[in-house]
Amino acid sequence: FAWREIPDEAAPRERREVELRKDRAQAHLVLGFRGLSLYDPDRFALEVIAQILAGQGGRLFLELRDRRGLAYAVNAMNLEGLAPGLFAVYVATAPEKLDEARTSIVQELERMIESPPPADELDRARRYLAGNFEIDRQRAAARAAHMAADARYGLGPDAQRHYADQVAAVDAEAVLRVARRIIDLNAYTLAVVH
Numbered sequence: 044f045a046w047r048e049i050p051d052e053a054a055p056r057e058r059r060e061v062e063l064r065k066d067r068a069q070a071h072l073v074l075g076f077r078g079l080s081l082y083d084p085d086r087f088a089l090e091v092i093a094q095i096l097a098g099q100g101g102r103l104f105l106e107l108r109d110r111r112g113l114a115y116a117v118n119a120m121n122l123e124g125l126a127p128g129l130f131a132v133y134v135a136t137a138p139e140k141l142d143e144a145r146t147s148i149v150q151e152l153e154r155m156i157e158s159p160p161p162a163d164e165l166d167r168a169r170r171y172l173a174g175n176f177e178i179d180r181q182r183a184a185a186r187a188a189h190m191a192a193d194a195r196y197g198l199g200p201d202a203q204r205h206y207a208d209q210v211a212a213v214d215a216e217a218v219l220r221v222a223r224r225i226i227d228l229n230a231y232t233l234a235v236v237h
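Under this note's numbering, the residue at position 110 of the sequence shown is numbered 153, and the numbers go up by one with no gaps.
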């Protein structure tokens with residue numbers, strides 16, 4: 044069995060939506076796109092994109108939570124796999140604010156594909172990713188796990204040592220190019236629980 048011979052499912056070509064209604068005080072929405080594999084060099088730019096959107100200083104937090112009061116929690120995530128993983132945005136909101144939160148998320152994603160990020164936003168995202176990775180590497184168990192996984196997946200046992208450099212090499216044009224590659228607002232999967 045060769046790791047790189049995982050069947051490659053075709054990327055979605057249209058919007059797919061699923062909804063589950065429950066007696067809950069919150070609504071949860073995940074809007075996702077086909078992501079990248081561990082072997083795709085664009086995965087570092089996609090991590091930067093997720094960080095630009097995520098976190099307390101990210102676009103989604105500032106717009107949906109701070110400015111508009113639409114979210115209890117909001118995040119962006121990038122998960123790579125042997126086959127292409129996913130890139131997604133998540134929001135927890137009040138049921139009556141769900142439609143407005145969805146519209147705001149789409150607007151922020153549109154911003155990502157319209158123009159490159161400003162230098163300060165890009166620098167903050169790259170520093171955060173590299174810094175958190177280095178904090179995680181302080182534990183011997185984390186270093187060993189990275190080495191084992193990277194070696195097993197064919198990336199080389201020292202791949203973790205290059206992470207900060209690979210993230211630092213992501214420039215604004217790469218962010219825009221990869222955002223346009225991944226964020227297809229005509230072909231996403233939307234899951235809502237409310």
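Note that beta-carbon positions come from the ideal geometry of N, C-alpha and C, so glycine has one too.
From the options, residue whose alpha carbon lies closest to that of residue i
i: L129; options: G75, R56, Q209 and A70; result: G75
i: V236; options: E139, E177, F104 and N175; result: E139
i: P160; options: A54, T232 and V221; result: V221
i: G98; options: Q69, R169, S80 and E52; result: R169
i: A192; options: R224, L81, A116 and S158; result: L81
Reduced DSSP secondary structure (H/G/I, E/B, other) of residue i
i: S80; result: strand
i: L228; result: coil
i: L141; result: helix
i: L165; result: helix
i: Y115; result: coil
i: G197; result: coil
i: V210; result: helix
i: R56; result: coil
Alpha carbon of residue i to alpha carbon of residue j, nearest angstrom
i: A119; j: E151; result: 11 Å
i: E60; j: V210; result: 33 Å
i: Q203; j: R186; result: 8 Å
i: D179; j: L219; result: 28 Å
i: A93; j: Y133; result: 11 Å
i: V91; j: L165; result: 8 Å
i: F104; j: A188; result: 31 Å
i: E57; j: R145; result: 17 Å
i: R102; j: V149; result: 12 Å
i: G124; j: R111; result: 34 Å
i: P55; j: Y231; result: 7 Å
i: G174; j: Q181; result: 11 Å
i: A234; j: D208; result: 35 Å
i: D31; j: E106; result: The chain is shown only over 44 to 237; residue 31 falls outside these bounds and no answer can be derived.
i: A184; j: A162; result: 35 Å
i: A131; j: V73; result: 7 Å
Close-in-space but distant-in-sequence residues of the same chain around residue i (CB under 6 Å, 5 per side omitted)
i: V213; result: F87, A88 and V91
i: M190; result: P200
i: T136; result: A70, L113, A114 and A144
i: Y206; result: F176
i: L96; result: R102, L103 and A119
With 16 other Cβ atoms within 10 Å as the buried cut-off, status of residue i
i: N121; result: buried
i: R108; result: buried
i: L63; result: exposed
i: A194; result: exposed
i: S147; result: buried
Contact set for residue i: own chain, Cβ-Cβ below 8 Å, skip 5 residues either direction
i: K65; result: V236 and H237
i: N229; result: E57 and R58
i: D83; result: E123 and P127
Own chain, CB closer than 7 Å to residue i, minus 5 neighbours either side, in chain order
i: I18; result: Nothing about residue 18 can be read from this structure; the chain reaches only from 44 to 237.
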